[in-house]
Amino acid sequence: MGFTAAPSLLVEANDAPAGTSSIPGDLADGCLLVPLLWQSEPAVTDQLRVAASLSRSSNARLCVLDPTSEAPTAYGPDLPPDAEREVIDRAVRSTLRAGQPGVLRTHTLLNGILTAVDTADVDALVIPRGSGTGFLRQSLAEHLGLRAACDVITVNGRQSYDDARSILLPVTGGPHSTAAVDVARRIAADTDAWIDVLHIVPPHASDRRQARATEHVEAATDRIGRPDRTATWVLEARCLADAIVEQSEYYGLTVLGAPTKGRLREFIAGSTSRTVQHGARSAVISVRTNR
């Protein structure tokens, strides 16, 4: 089946006139941009559910961009559950109907999305995690995470995300940890979810290390601002990633900061975020801030 790429999305960044958007004026400033890029119903469903929760709790417009159409569809932040279901169903039908793009070039698609982010002042980009097949290959997701001048929220789309009544929030104090706390806080505010803030220390950690762990979880709890629906937890474990994967079984959603290692070091030592996204028994959101 043929695939008609939207010229508004696939314009090369260098070809876009200065000061203008590569996407028509329907894309307003201060919005969450959700490009539909993967032929997977769980991925599309989870991507839109996360974006809808963030839209409602942050009062931001939700802009769903289907590469098979000419312009994004914008929704207000008061999207009710029945309308959200309709949006999801329409998006799933659209992405599954499109078929393999064939002529769609990853670098062109990347430039189109980056241009849209730059020219429309997008607050956050919500994307599914890439794979070796389908529209969204891993390299595209990685490049968007590193280059988009906004927060990038990546949903793994491997497990069902059902309203996130409980959220596991591992915090490290790293540069993306605060952004992860904010995303978890907004989703919890929308779904009235319980949050367990977790920090993992090695066995027999020193008193100083334990004190620093307590500071991390307390700082996250203060930022969340829902003491009656938030708990803190310092866990001793030898492997950070394995411990998070094991605990994820008991939660509807796991939210964590994006990896901070360089590409070579990540290749050699592995990435906690990537391991969790592959192995977790709940839906996983990885959050990166590039502001």
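In our numbering, the protein residues as written are 1011 to 1301.
The C-beta atom is built at its ideal place from N, Cα and C for all residues, glycine as well.
Taking the continuous alpha helix (DSSP H) assigned at Leu-1250, which residues delimit it? 1250–1258
In the structure shown, what three-state DSSP assignment does His-1288 receive? Secondary structure of His-1288 (DSSP, three-state): helix.
Answer yes or no: do Glu-1259 and Arg-1219 have a C-beta to C-beta separation smaller than 7 Å? no
So, do the region 1218–1238 and the region 1248–1257 have three or more beta carbon pairs nearer to each other than 8 Å? Put simply, the region 1218–1238 does not touch the region 1248–1257. Fewer than three CB pairs are less than 8 Å apart.
Taking DSSP as the reference, what is the three-state secondary structure of Pro-1237? Pro-1237: helix per DSSP, three-state reduction.
Outcome for Arg-1301 when other beta-carbon atoms lying within 10 angstroms are tallied against a minimum of 16: exposed
To the nearest whole angstrom, what separates the beta carbons of Ile-961 and Ile-1197, a pair I think is in contact under 8 Å? For residue 961 there is no data in the structure shown, the boundaries of the chain being 1011 and 1301.
What does Leu-1135 pair with, by DSSP beta-bridge criteria? Leu-1043 and Val-1162
Can you check DSSP and say which residues form a bridge with Thr-1242? Bridge partners of Thr-1242: Val-1207.
Arg-1071 - containing beta strand (DSSP E), residue span: Residues 1071–1075.
Can you give the beta carbon distance from Pro-1045 to Leu-1075, rounded, assuming they're within the 8 Å contact cut? 5 Å
Would you decide whether Leu-1042 is buried or exposed? Buried here means 16 or more other CB atoms lie within 10 Å of its CB. By the neighbour-count rule (16 or more Cβ atoms within 10 Å), Leu-1042 is buried.
Could you tell me the alpha carbon to alpha carbon distance between Leu-1150 and Leu-1058, rounded to whole angstroms? 19 Å
Among all the DSSP beta bridges, which residues are the ones paired with Ala-1084? Cys-1073
Can you have a look at Glu-1094 and say buried or exposed, based on whether 16 or more other CB atoms are within 10 angstroms of its CB? Burial call: buried.
Taking DSSP as the reference, what is the three-state secondary structure of Arg-1298? strand
Are the beta-carbon atoms of Ala-1199 and Leu-1263 separated by less than 7 Å? no
Using C-beta distances below 7 Å, list every residue in its chain close to Arg-1157, excluding the 5 sequence neighbours before and after it, in chain order. Counting only residues of its own chain and dropping the five nearest sequence neighbours on each side, Arg-1157 has a CB closer than 7 Å to the CB of Leu-1124.
Straight-line gap, Asp-1131 to His-1214 (C-alpha atoms, nearest Å): 47 Å
Environment of Asn-1069 [buried if 16+ CB atoms lie within 10 Å]: exposed
Sheet register partners of Val-1265 (DSSP bridge): The bridge partners DSSP lists for Val-1265 are Ile-1295.
Endpoints, the alpha helix (DSSP H) within which Pro-1180 is located: Run containing Pro-1180: none in the alpha helix (DSSP H); it sits in the beta strand (DSSP E), 1176–1180.
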